[in-house]
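So the structure is just underneath, and the comments pick up after that.
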């Protein structure tokens with residue numbers, strides 16, 4: 042080896058000892074245009090997710106000021122990425138600063154230590170984009186922002202990198218980015234260029250991916266919540282959205298009333314402080330059109346920017362104008378005198394304190410949206426750096442207040458529940474959002490009651506007590522009205538109390554008690570073997586209550602096992618089983634499948650040595666058709682997600698399928714909640730490509746009617762019930778239809794209902810349920826008399842003989858959580874769920890959404906029962922007659 046080769050080898054060895062980032066940091070950091078071929082925000086251009094990932098990977102490799110990790114996988118399998126941006130020195134010590142942030146947020150340290158850590162630590166700021174994919178600028182902005190944060194060397198930016206660790210998520214909804222980008226490119230240059238896709242831009246939940254931030258049902262929200270509430274605990278969170286009110290350019294805080302009383306006032310004032318600093322930055326940069334105090338409130342929990350409030354974090358929402366790459370010109374003479382509607386009116390002459398610098402119109406481009414978004418984030422990062430120590434200490438101080446201020450000692454979730462699966466799901470929800478949970482290692486006494494081993498205990502003395510209280514306690518929304526007496530619509534929901542929705546018994550314990558507890562750290566259901574008897578002679582018996590029974594039943598049916606529903610109660614061993622319990626016949630491999638399901642779902646089975654002496658109804662594997670309009674419908678997505686989660690097999694039925702398919706192949710057809718006009722007519726002609734216009738129409742409606750009359754089961758959820766009642770001429774009246782809002786108004790609240798447990802649709806239900814009422818329906822069976830004068834139909838307020846009331850709204854104390862006007866007068870004792878025989882089939886009318894946003898586990902069973910009883914159509918289950926199947930005693 043000559044001297045030159047020796048030197049070359051030495052240089053290579055030296056390079057191997059140096060990290061790639063240290064090598065390439067001296068070179069040029071790529072810009073987005075180098076990867077995309079255009080600047081983010083360019084007219085008529087959108088980068089897809091592969092391009093975004095490619096850019097962030099190149100940026101990660103090129104700079105020692107950035108570090109990227111994968112935090113999860115989207116519903117459709119795309120990687121969820123998170124980039125850390127700070128100074129090179131800070132990036133090397135990320136774990137150290139993460140530990141400081143966690144200690145301050147959890148607030149278990151003393152004040153002196155907290156002040157030392159606040160001085161030593163770095164402010165942590167979360168910024169994201171792209172959650173709502175049709176708000177297109179957010180998904181294009183993040184690469185441009187990342188490049189600026191990494192490469193700019195101004196004094197301000199150097200201070201930001203020195204004092205702040207930025208958690209930048211390139212896209213919260215990568216599947217949606219590709220869905221919308223593909224649609225835009227496909228329709229570019231056509232009249233439909235600025236339309237949105239005729240399907241959900243999140244595979245299951247569409248826009249509701251920003252309504253999932255305490256349940257964390259979707260993998261995207263679960264992954265992000267894990268970072269925010271269980272690892273990094275950012276003090277400030279910036280959630281980018283579009284669009285602002287027309288003729289404004291961006292909305293930012295302060296927000297509107299009301300404020301949820303569970304939120305620490307330091308959060309509310311902190312949000313106002315950040316919002317004001319952002320507005321000032323826009324003003325000084327001569328960027329007009331900044332509006333605040335418009336529509337968005339600080340009451341509702343469950344959004345990406347609202348859930349942080351209950352964790353002592355500063356949640357910032359911005360809504361930026363111009364959500365399409367297609368430019369537009371606004372004629373200045375068309376500028377309105379006020380912004381908004383009856384909800385809010387803001388003058389556009391500069392005299393409003395929350396709109397002091399109006400936008401005058403003119404050209405509006407995609408690049409404007411990207412520029413406004415970046416400026417908004419820079420305003421946040423600037424004040425984060427300026428007040429670094431205060432943000433860090435304040436989150437500690439608010440956490441200490443939460444630990445020392447609760448009126449209760451703990452919430453106790455007993456081990457014995459109607460549905461233990463739902464109680465464990467509730468604990469799962471709490472853990473995912475950062476709540477500390479313990480579990481009893483042996484029995485204990487609290488509040489005068491005895492609780493067994495395995496009981497969950499959630500102490501209120503913890504930093505995230507505001508979140509705990511808000512999820513566990515009823516909401517009491519403050520009544521707000523306009524001058525004409527009509528109610529002001531709350532932003533999103535008024536009430537959401539989880540134990541009520543999920544049907545879980547929770548005890549609030551005031552006084553301290555002693556118990557041997559261990560931390561429950563898992564975010565998965567408890568592993569349990571369940572109870573499986575030795576191989577019985579005849580089969581197995583499974584109680585009807587838990588939702589997991591449905592998932593297990595569908596697994597067994599798919600494997601070919603024979604399952605039956607009991608029409609009556611029966612005794613097995615020392616236990617009495619209610620009607621609707623499941624009998625499983627012994628078959629090849631049944632015992633092994635039962636054992637696996639018992640462990641997976643924590644289910645307990647009894648053994649049957651002989652055939653039970655009760656009427657049995659054979660359950661078949663359900664064939665389900667779920668209607669999917671070309672008008673993208675979140676309720677359809679949530680329904681599809683729930684059915685898949687519980688192992689149902691579902692076919693999607695579009696308009697053409699309803700018209701041409703053999704609907705009789707389906708045991709049940711489901712219409713998700715959707716307005717009558719939307720179901721019937723869909724998109725109007727020339728508003729979308731022709732393939733996606735129109736709705737069910739007359740032919741589709743007749744096809745559904747024929748399907749039911751020939752023996753099918755039609756299940757309609759909430760709003761779609763109006764369509765079915767009207768089009769099928771059912772002997773049912775919607776009693777709240779067309780009522781003025783100043784007389785009857787229930788916006789997103791929980792309403793008490795009574796359940797007829799003797800009806801097959803209610804088998805396995807508790808006698809009382811909390812229904813998710815989202816401006817929903819209430820029914821009254823009636824007689825339609827077509828012999829009125831002139832042959833016109835008259836509706837007689839008399840019970841129709843065949844209509845079966847399964848669930849009815851309570852007589853008194855209807856409001857459980859939220860806000861209600863006129864509830865006792867208009868829906869007291871009215872029907873919430875009906876079974877209506879029609880021809881040879883049945884129509885199941887839900888006046889509410891039993892699956893709303895994947896939250897109300899206490900009412901899932903009603904939907905599951907409607908499906909399973911539909912597979913028994915050949916047996917007169919609803920009439921109370923005996924099954925036509927041979928009694929197993931005769932086998």
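In our numbering, the protein residues as written are 42 to 932. In this text, a Cβ means the ideal position worked out from N, Cα and C, and glycines have one as well.
Using the three-state DSSP reduction, which class does residue 920 fall into: helix, strand or coil?
Here residue 920 corresponds to residue number 879 of the chain shown, with the count starting at 1. For residue 920, the predicted model reports a pLDDT of 41, less than 50, meaning its position is unreliable; a value from the coordinates is still stated below. In the structure shown, residue 920 sits in a helix (DSSP, three-state: H, G or I).
How big is the Cα-Cα spacing for residue 706 and residue 762?
Indexing the chain shown from 1 puts residue 706 at position 665. Indexing the chain shown from 1 puts residue 762 at position 721. Approximately 23 Å between the Cα atoms of the pair.
Give a yes or no on whether the C-beta atoms belonging to residue 504 and residue 451 are separated by under 7 Å.
Taking the first residue of the chain shown as position 1, residue 504 is located at position 463. Taking the first residue of the chain shown as position 1, residue 451 is located at position 410. Going by C-beta atoms, residue 504 is not nearer than 7 Å to residue 451.
My guess is that residue 772 and residue 848 are in contact by the Cβ rule of under 8 Å, so how many angstroms apart are they, rounded?
The residue given as residue 772 occupies position 731 in the chain shown. The residue given as residue 848 occupies position 807 in the chain shown. 18 Å between Cβ atoms; not a contact.
Please look up how many angstroms separate the CB atoms of residue 82 and residue 408, rounded, as I've assumed it's under 8 Å.
As a first step, residue 82 must be located in the chain shown, where it is residue number 41. As a first step, residue 408 must be located in the chain shown, where it is residue number 367. Correct: roughly 4 Å between the Cβ atoms.
What does the Cβ neighbour count give for residue 282, buried or exposed, with the cut at 16 atoms within 10 Å?
As a working mapping, residue 282 is identified with position 241 in the chain shown. It counts as buried.
Identify, in the order they occur along the chain, each residue of the same chain with its Cβ nearer than 7 Å to the Cβ of residue 892, setting aside the five sequence neighbours on each side.
Taking the first residue of the chain shown as position 1, residue 892 is located at position 851. These residues qualify, in order along the chain: 679, 680, 683, 901 and 904.
Taking C-alpha atoms, which residue in 230, 203 and 799 lies nearest to residue 165?
Position 124 of the chain shown, counted from the start, is the residue given in the question as residue 165. The shortest Cα separation from residue 165 among 230, 203 and 799 belongs to 203.
By a C-beta neighbour count over all protein chains shown, 10 Å radius and 16 as the cutoff for buried, is residue 140 buried or exposed?
For this step, residue 140 is matched to residue 99 along the chain shown. Exposed, since its Cβ has fewer than 16 Cβ neighbours within 10 Å.
What do you reckon, are the CB atoms on residue 239 and residue 733 nearer than 7 Å?
The sequence position of residue 239 within the chain shown is 198, counting from 1. The sequence position of residue 733 within the chain shown is 692, counting from 1. Yes.
Given a threshold of 16 other Cβ atoms within 10 Å of its Cβ, counted over all protein chains shown, does residue 73 qualify as buried or as exposed?
As a position in the chain shown, residue 73 is number 32, starting the count at 1. Buried: at least 16 other Cβ atoms inside 10 Å.
Excluding the five sequence neighbours on either side, which residues of its own chain have a C-beta within less than 8 Å of the C-beta of residue 471, listed in chain order?
On the chain shown, position 430 is the one that residue 471 refers to. Excluding sequence neighbours, residue 471 sits near 478, 499, 509 and 512.
Beta bridge counterpart(s) of residue 631 as assigned by DSSP
Within the chain shown, the letter at position 590 stands for residue 631. According to DSSP, which records beta bridges pairwise, residue 631 is partnered with nothing at all.
Check whether the Cβ atoms of residue 21 and residue 163 lie closer than 7 Å to each other.
The chain is shown only over 42 to 932; residue 21 falls outside these bounds and no answer can be derived.
Where residue 636 falls: helix, strand or coil (DSSP)
Position 595 of the chain shown holds residue 636. Helix, per DSSP.
At the level of alpha carbons, what is the spacing between residue 884 and residue 738?
The sequence position of residue 884 within the chain shown is 843, counting from 1. The sequence position of residue 738 within the chain shown is 697, counting from 1. In a straight line, the C-alpha of residue 884 is about 19 Å away from that of residue 738.
Which runs of the beta strand (DSSP E), 3 residues or longer, sit entirely within the segment 724-784?
754-758 and 773-775
Smallest Cα separation from residue 501: which of 544, 192, 453 and 413?
Locating residue 501 in the chain shown gives position 460, counting from the first residue. Nearest option by C-alpha distance: 453.
If you reduce the DSSP assignment to three classes, tell me which class residue 711 lands in.
The residue labelled residue 711 in the question sits at position 670 within the chain shown. It is a strand residue.
What residues match up with residue 607 in a beta bridge as DSSP calls it?
The sequence position of residue 607 within the chain shown is 566, counting from 1. 657, per the DSSP bridge assignment.
Could you compute how far the alpha carbon of residue 686 sits from the alpha carbon of residue 350?
As a working mapping, residue 686 is identified with position 645 in the chain shown. As a working mapping, residue 350 is identified with position 309 in the chain shown. Answer to the nearest angstrom: the Cα atoms are 30 Å apart.
Among 897, 896, 575 and 791, which residue has its Cα nearest to the Cα of residue 855?
The residue given as residue 855 occupies position 814 in the chain shown. For the residues 897, 896, 575 and 791, the minimum Cα distance to residue 855 belongs to 791.
Taking the beta carbon of residue 602 as the centre, do at least 16 other beta carbons fall within 10 Å, making it buried, or is it exposed?
One-based indexing of the chain shown puts residue 602 at position 561. The residue is buried, with at least 16 neighbouring Cβ atoms inside 10 Å.
Measuring alpha carbon to alpha carbon, tell me which residue in 813, 608, 878 and 521 is nearest residue 655.
One-based indexing of the chain shown puts residue 655 at position 614. Out of 813, 608, 878 and 521, 608 has the C-alpha closest to the C-alpha of residue 655.
If we call anything under 7 Å between Cβ atoms a contact, is residue 736 one with residue 747?
Your numbering for residue 736 matches position 695 in the chain shown. Your numbering for residue 747 matches position 706 in the chain shown. Not closer than 7 Å, so no.
Determine the DSSP secondary structure at residue 487, reduced to helix, strand or coil.
Residue mapping note: residue 487 aligns to position 446 of the chain shown, counting from 1. In this structure, residue 487 counts as strand in the three-state DSSP scheme.
Can the beta-carbon of residue 344 be found less than 7 Å from the beta-carbon of residue 254?
Taking the chain shown and counting its residues from 1, the one referred to as residue 344 is at position 303. Taking the chain shown and counting its residues from 1, the one referred to as residue 254 is at position 213. Contact flag set, yes.
Cα-Cα separation, residue 411 to residue 178:
In the chain shown, counting from the first residue as 1, residue 411 sits at position 370. In the chain shown, counting from the first residue as 1, residue 178 sits at position 137. For residue 411 and residue 178, the distance between alpha carbons rounds to 6 Å.
Assuming residue 313 contacts residue 294 under a Cβ cut-off of 8 Å, what Cβ separation, rounded to an integer in Å, is found between them?
By one-based count along the chain shown, residue 313 stands at place 272. By one-based count along the chain shown, residue 294 stands at place 253. With 8 Å as the limit, residue 313 and residue 294 qualify as a contact, their Cβ atoms being about 6 Å apart.
Expressed to the nearest angstrom, what Euclidean distance is found between the alpha-carbon atoms of residue 195 and residue 128?
Residue numbering aside, residue 195 sits at position 154 when the chain shown is read from its first letter. Residue numbering aside, residue 128 sits at position 87 when the chain shown is read from its first letter. Roughly 13 Å separates the two Cα atoms.
Between residue 426 and the rest of its own chain, which residues show a CB-CB distance below 6 Å, the 5 nearest in sequence each way excluded?
Counted from its first residue, the chain shown places residue 426 at position 385. Only 200, 201, 204 and 205 meet the Cβ criterion.
Are three or more beta carbon pairs between the segment 777-794 and the segment 855-868 nearer than 8 Å?
yes
In three-state DSSP terms, what is residue 567?
Residue numbering aside, residue 567 sits at position 526 when the chain shown is read from its first letter. Its pLDDT being 43, under 50, residue 567 is placed unreliably by the model, and the measurement read from it follows with that caveat. Residue state, collapsed to three classes: coil.
Can you give the Cα-Cα distance for residue 819 and residue 778, rounded to whole angstroms?
In the chain shown, counting from the first residue as 1, residue 819 sits at position 778. In the chain shown, counting from the first residue as 1, residue 778 sits at position 737. The straight-line gap from Cα to Cα measures roughly 9 Å.
Just the Cα atoms here: how many angstroms apart are residue 271 and residue 354?
Position 230 of the chain shown, counting from 1, holds the residue named residue 271. Position 313 of the chain shown, counting from 1, holds the residue named residue 354. Taking the straight line from one Cα to the other gives about 13 Å.
Looking only at DSSP bridge pairs, what is residue 124 linked to?
Here residue 124 refers to the residue found at position 83 when the chain shown is read from its first residue. Paired residue(s): 109 and 209.
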